[in-house]
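J.: Sequential numbering of the sequence shown, starting at 7, is according to my numbering. Glycine included, C-beta positions come from ideal geometry on N, C-alpha and C. Structure below; questions to follow.
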Amino acid sequence: MMLSRLLELRSAIESLSYTEAYILIDDGINLERLKNVQLSRTEWDGTEEIVNILKPLKEMTMVFSSTSYGIAVSVAPWVLDLEIAMEGSMASTSEDIRPFQVALLQEIKDRAVITDLHLMATVFHPNFSSLWFLEDSRRVQKIKEKIRDEFKSIAPKRMQVGQTKGDETSSVFGRQRRKFDNINEDTDDEESKAEIDVYLGMRRRQEVHDPFTWWRERQDKYPITAQLARKYN
């Protein structure tokens, strides 16, 4: 960012005295006074404020551009954290710069609308599975219920794989086998229902930098939940 580089040169530029404030251009044919283009202290301070306001945006852009996993999982926490930080720093912003900050914040809110799909994707990043960054507890519950409903719709399909069909079901052996399978299905369904709840209730013990790897290493423990994670990421 050009403004950041300019601030790095502030001390050097301000240290120039008026007698040294000349630069030669075109082999000395033209002389320009550097002091005529120097910023005032107020202008320097304003520039520094703008750089500090834009810094979180720069960091977010760098994270999104360098990530090796789906961006959708990080949109909600990053954007909401940015909005909270910007609102919190508003009081300390000078009156001259505050209109810029207010306009920028409103632009972010208008453009970065956090949808339920964003939040559902975020749930499948272990760092944000509880949606702890979201203050609206009713919305948190709504998102988790949506995920549970989708989980339940997938679970029976997985359990039906490998079931035998045809004449077997019409024979005595087939009917007994089917009855046994139904009992197993009920048991598996109860276990699979717990799978998503185990994940949603999991407490994060350490930072997860690559959710893809995290899910790949745990797909045997969370087979159906891992399938959903792949869908959203």
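Leaving aside the five residues before and after L14 along the sequence, list all residues of the same chain whose C-beta is less than 7 Å from its C-beta, in chain order.
T.: For the sequence presented, residue 14 should be read as Glu rather than Leu. Within the same chain, E14 has no close Cβ partners at all.
J.: So K150 packs on D122, CB below 8 Å; how close in whole Å?
T.: Actually they are not in contact, since the Cβ atoms of K150 and D122 sit about 11 Å apart, beyond 8 Å.
J.: Excluding sequence positions up to five away, which residues of its chain have a Cβ less than 8 Å from the Cβ of I160?
T.: The residues are I230, Q233, L234.
J.: Which residues bound the alpha helix (DSSP H) around R2?
T.: Examination of residue 2 is not possible in this model, given that the chain is present from 7 through 239 alone.
J.: Roughly how many angstroms lie between the CA atoms of F139 and D116, to the nearest whole one?
T.: Cα to Cα, F139 sits roughly 20 Å from D116.
J.: Can you grab the Cα-Cα spacing for the pair V79 / T219, in whole Å?
T.: Answer to the nearest angstrom: the Cα atoms are 14 Å apart.
J.: Would you mind working out which of H215, T48, A200, I56 sits nearest V108, comparing C-alpha positions?
T.: The option with the nearest alpha carbon to V108 is I56.
J.: Spatial neighbours of S135 within its chain, please: CB distance less than 7 Å, with the 5 preceding and 5 following residues excluded, ordered by chain position.
T.: These residues qualify, in order along the chain: V129, Y205, L206, M208.
J.: Would you kindly check if the distance between the Cβ of V214 and the Cβ of P132 is under 8 Å?
T.: Yes, the Cβ-Cβ distance between P132 and V214 is below 8 Å.
J.: To the nearest angstrom, how far is the alpha carbon of Q182 from that of E201?
T.: Only weak support exists for where Q182 lies, its pLDDT of 45 falling under 50; the value from the coordinates is given anyway. For Q182 and E201, the distance between alpha carbons rounds to 29 Å.
J.: Looking only at its chain, what residues have a beta carbon closer than 7 Å to the beta carbon of R210, apart from the 5 residues adjacent to it on each side?
T.: Here the set comprises P132, N133.
J.: What is the DSSP secondary structure of I103, counted as helix, strand or coil?
T.: Coil, per DSSP.
J.: Can you tell me whether M96 is buried or exposed, with buried defined as 16 or more other CB within 10 angstroms of its CB?
T.: Its Cβ having fewer than 16 others within 10 Å, M96 is exposed.
J.: Can you tell me whether F70 is helix, strand or coil according to DSSP?
T.: Helix at F70.
J.: Could you compute how far the alpha carbon of E93 sits from the alpha carbon of L125?
T.: Spanning the two alpha carbons is a distance of roughly 22 Å.
J.: Which of helix, strand or coil does DSSP assign to A97?
T.: Helix at A97.
J.: Would you grab the beta carbon distance between R16 and W50 for me? Rounded to a whole angstrom, and I think it's under 8 Å.
T.: Indeed, because the Cβ distance is near 6 Å, the residues count as touching under 8 Å.
J.: Could you check the C-alpha separation between F106 and R222 for me, to the nearest Å?
T.: Going by the C-alpha atoms only, they are around 45 Å apart.
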